[in-house]
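Below is one structure, written out as structure tokens; the observations come after it.
2 protein chains.
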Amino acid sequence: MPKKGRRRAKSSDIGVRDRLLDAADRLFYREGVRAVGIDRVLAEADAAKASLYQHFGCKDQLVASYLERKTVDARAQIEAYLADTPPSQRALKFFDWVVEWAESKDFRGCPLQHTVTELTDAAHPARAIAYGQREWFTDRFLEWTMAAGVKDAKAVARALVVLFDGAVAGAEMDGPQRAKDARWMAKKLLAG
Amino acid sequence: MPKKGRRRAKSSDIGVRDRLLDAADRLFYREGVRAVGIDRVLAEADAAKASLYQHFGCKDQLVASYLERKTVDARAQIEAYLADTPPSQRALKFFDWVVEWAESKDFRGCPLQHTVTELTDAAHPARAIAYGQREWFTDRFLEWTMAAGVKDAKAVARALVVLFDGAVAGAEMDGPQRAKDARWMAKKLLAG
DNA sequence: TTGACAATAGACCGATCTGTCTGTATTGTC
DNA sequence: GACAATACAGACAGATCGGTCTATTGTCAA
Numbered sequence: 001m002p003k004k005g006r007r008r009a010k011s012s013d014i015g016v017r018d019r020l021l022d023a024a025d026r027l028f029y030r031e032g033v034r035a036v037g038i039d040r041v042l043a044e045a046d047a048a049k050a051s052l053y054q055h056f057g058c059k060d061q062l063v064a065s066y067l068e069r070k071t072v073d074a075r076a077q078i079e080a081y082l083a084d085t086p087p088s089q090r091a092l093k094f095f096d097w098v099v100e101w102a103e104s105k106d107f108r109g110c111p112l113q114h115t116v117t118e119l120t121d122a123a124h125p126a127r128a129i130a131y132g133q134r135e136w137f138t139d140r141f142l143e144w145t146m147a148a149g150v151k152d153a154k155a156v157a158r159a160l161v162v163l164f165d166g167a168v169a170g171a172e173m174d175g176p177q178r179a180k181d182a183r184w185m186a187k188k189l190l191a192g
Numbered sequence: 001m002p003k004k005g006r007r008r009a010k011s012s013d014i015g016v017r018d019r020l021l022d023a024a025d026r027l028f029y030r031e032g033v034r035a036v037g038i039d040r041v042l043a044e045a046d047a048a049k050a051s052l053y054q055h056f057g058c059k060d061q062l063v064a065s066y067l068e069r070k071t072v073d074a075r076a077q078i079e080a081y082l083a084d085t086p087p088s089q090r091a092l093k094f095f096d097w098v099v100e101w102a103e104s105k106d107f108r109g110c111p112l113q114h115t116v117t118e119l120t121d122a123a124h125p126a127r128a129i130a131y132g133q134r135e136w137f138t139d140r141f142l143e144w145t146m147a148a149g150v151k152d153a154k155a156v157a158r159a160l161v162v163l164f165d166g167a168v169a170g171a172e173m174d175g176p177q178r179a180k181d182a183r184w185m186a187k188k189l190l191a192g
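Chain order of the listed sequences is E and D.
Going by our numbering, the first sequence opens with residue 1, and the numbers climb by one from there.
Going by our numbering, the second sequence opens with residue 1, and the numbers climb by one from there.
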């Protein structure tokens, strides 16, 4: 038997929790977590207030959960994107992914950067999620540069992190060309 | 004779307008413009509400004025920092300035990035200020790379913008090492 | 001394925010 | 049919928000 009872008529058949996270994702990413109130999320999710507080306890936790799901999805997406690329080529190929992301219609910068910018309280639960994802990125970059066999792999990996951050921050302000600029430079760096 | 009458006992002798901007600078930069309310600024500036609305009209305009003063100050500071450096060396020297900035006690990222992240309304007056300062940066980078005599100067200039954005965004999340990583890479790029 | 002016203090307004609470409808299981 | 679980609808509370307004104080110039 499935988990428990329940059933709903409206809004297709995903649970409230997922509907809330979907709505939070759309609104928080597009407009910022501080600019969007609980009521907006509820309306967008077509959910009741009690459901939100039942599942998440408070808004901060909803934000953290939204960010966590976003990071988990991003990892999976990146890994799938790179799956067919030989390890030695992945560092550069990753920047193709960044370019595609920056060119996508709804691109509005990096959720991790937004989190650190908007939620200045160091104890905010979303910050821990953000830092965890940062670690994943730095680990991957090191892995990819090692596989590429470049010399000074650690320094190159750190430089690629800077290029990645600059690509998304720059693309948020100036448009997707910044991501291409980053790719151009990454190629140069990995070649020599 | 000076401007007009007035006089105050407390808080030294700068005008209310400047006190308000100073307070706004401290609070907005440290905690974010959406996280800090008018009342916090007034308390920090030891000023009256009417003074704020007399000088700035609304909060959005205070934010824009705060950002404008910050960008004007930054330009002056950077130009002074580079004044003794021959033009051909300025591109790299600029990243020394970035490292010092990222290592400074109160560093909390780039106000321009914060503005674009926090104020998602494209019509917000602070956005125009931010875009103006972005142009100044891109113009300077092109000027410096041309003076450095590197080939492909335009592409290099764009890459340096990415490195700059990555330096400050990365330093905000991970610490000042990111700025050093950016400098390391800028040196490499400008050498070859 | 008087009047203009700049600034202060703070009450007040309506809107919005997060969060709580009550009550009701629907569903699956016994 | 009874019951528990889940979700919905929405009133409500308390705080805070940006912004307006009145009243008062202190300073300069005439």
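Cβ coordinates follow ideal geometry from the N, Cα and C atoms, glycine included.
Close-in-space but distant-in-sequence residues of the same chain around D:T194 (CB under 7 Å, 5 per side omitted): Outside the shown range of chain D, which is 1 to 192, sits residue 194 of chain D, and nothing can be said about it.
Does E:S11 come out as helix, strand or coil in the three-state DSSP assignment? In this prediction, E:S11 scores a pLDDT of 35, lower than 50, which makes its location untrustworthy; the coordinate-derived value is nonetheless stated afterwards. The answer is coil: DSSP assigns E:S11 none of H, G, I, E or B.
Chain D beta carbons: is any one of them nearer than 9 Å to that of E:E118? With its beta carbon less than 9 Å from one in chain D, E:E118 belongs to the interface.
Three-state secondary structure assigned by DSSP to E:F107: Residue state, collapsed to three classes: coil.
Between the Cα of D:V167 and the Cα atoms of D:I14, D:G109, D:R19, which residue gives the shortest distance? Here residue 167 of chain D turns out to be Ala, not Val, going by the sequence shown. It is D:G109 whose Cα lies nearest to the Cα of D:A167.
In three-state terms, what does DSSP make of E:D84? The answer is coil: DSSP assigns E:D84 none of H, G, I, E or B.
E:G175, buried or exposed, once every other Cβ within 10 Å from all chains shown has been counted against 16: Exposed: under 16 other Cβ atoms inside 10 Å.
Using a Cβ-Cβ cut-off of 9 Å, state whether D:S146 counts as contacting chain E. Residue identity differs from the one stated: residue 146 of chain D is Met in this sequence, not Ser. Interface flag for D:M146 against chain E is unset, since no Cβ pair is found closer than 9 Å.
Secondary structure, alpha helix (DSSP H): runs of 4+ residues fully inside the stretch 153 to 190 of chain D: For the stretch 153 to 190 of chain D, whole alpha helix (DSSP H) runs of length 4 or above, ordered along the chain, are 153 to 174.
Delimiting residues of the alpha helix (DSSP H) encompassing D:Q133: Per DSSP, D:Q133 belongs to the alpha helix (DSSP H) from 125 to 148.
Taking Cβ-Cβ distances shorter than 8 Å, what residues in chain D pair up with E:L62? Ordered by position in chain D, no residue passes the 8 Å Cβ test against E:L62, which lies about 17 Å from the chain.
Cβ-based neighbour list, D:G57, same chain, cut-off 7 Å, excluding 5 preceding and 5 following: Excluding its 5 nearest sequence neighbours in each direction, D:G57 has no C-beta neighbour in its own chain below 7 Å.
Smallest Cα separation from E:E103: which of E:M185, E:A186, E:A171? The shortest C-alpha separation from E:E103 is found at E:A171.
Could you check where the alpha helix (DSSP H) with E:A35 kicks off and where it finishes? Per DSSP, E:A35 is not a residue of any alpha helix (DSSP H), being assigned neither H nor E.
Residue span of the alpha helix (DSSP H) that contains D:Q89, given as start and end: It is not in any alpha helix (DSSP H) - D:Q89 carries neither H nor E in the DSSP assignment.
What residue range is occupied by the uninterrupted alpha helix (DSSP H) comprising E:K49? Boundaries of the alpha helix (DSSP H) around E:K49: 49 to 56.
Secondary structure at D:T71, three-state DSSP: helix, strand or coil? Residue state, collapsed to three classes: helix.
Can you check which of these residues, D:F95, D:D18, D:M185, D:K59, is closest to E:K154 by C-alpha distance? Checking every option, the nearest Cα to that of E:K154 belongs to D:M185.
Hey, how far is the Cα of E:E143 from the Cα of E:Q89? Each residue's CA atom was taken as its position, placing E:E143 and E:Q89 some 11 Å apart.
Tell me, to the nearest whole angstrom, how far the beta carbon of D:Y53 is from that of D:P111; I am working on the premise that it is less than 8 Å. Contact check for D:Y53 and D:P111: beta-carbon distance about 23 Å, past the 8 Å limit, so the pair fails to qualify.
Name, going along the chain, the residues of the stretch 151 to 167 of chain D whose beta-carbon falls closer than 8 Å to a beta-carbon of chain E. Under the 8 Å Cβ criterion, the stretch 151 to 167 of chain D contributes A155, R158, A159, V161, V162, L163, F164, D165, G166, A167.
State buried or exposed for E:A76, treating a residue as buried only when at least 16 other CB atoms are found within 10 Å of its CB. Classification for E:A76: exposed.
Determine the chain D residues that contact E:R134 at a beta-carbon separation under 7 Å, and present them in chain order. The answer, in chain order, is M173, D174.
Among residues of its own chain, excluding the 5 on either side of E:M146, which ones have a beta-carbon nearer than 6 Å to its beta-carbon? Only A153 meet the Cβ criterion.
Within-9 Å CB hit, E:L67 to chain D: Under the Cβ distance rule, E:L67 does not count among the residues neighbouring chain D, no pair being separated by less than 9 Å.
Which residues in chain D sit within 8 Å of E:L190, going by Cβ to Cβ distance? Identification of chain D residues near E:L190 by a Cβ-Cβ cut-off of 8 Å yields none; the smallest Cβ-Cβ distance measures about 12 Å.
Any C-beta of chain E under 9 Å from that of D:G170: True, the Cβ-Cβ gap to chain E drops below 9 Å.
Could you work out which residue in D:A50, D:R34, D:A64 is closest to D:L21 when comparing CA atoms only? Distance from the Cα of D:L21 is smallest, within the candidate group D:A50, D:R34, D:A64, for D:A64.
Tell me whether E:R6 sits in a helix, a strand or coil according to DSSP, three-state version. Model confidence at E:R6 stands at a pLDDT of 35, short of 50, so the residue's coordinates are unreliable; what they give is reported in the following sentence. The answer is coil: DSSP assigns E:R6 none of H, G, I, E or B.
For E:A121, the nearest candidate out of D:R26, D:L27, D:R17, D:E31 (CA to CA): According to the sequence shown, residue 121 of chain E is Asp rather than Ala. When each option's Cα is compared against that of E:D121, the closest is D:E31.
Of all the CB atoms in chain D, is at least one closer than 9 Å to the CB of E:D202? No statement about residue 202 of chain E is possible, as the shown extent of chain E runs from 1 to 192 and does not include it.
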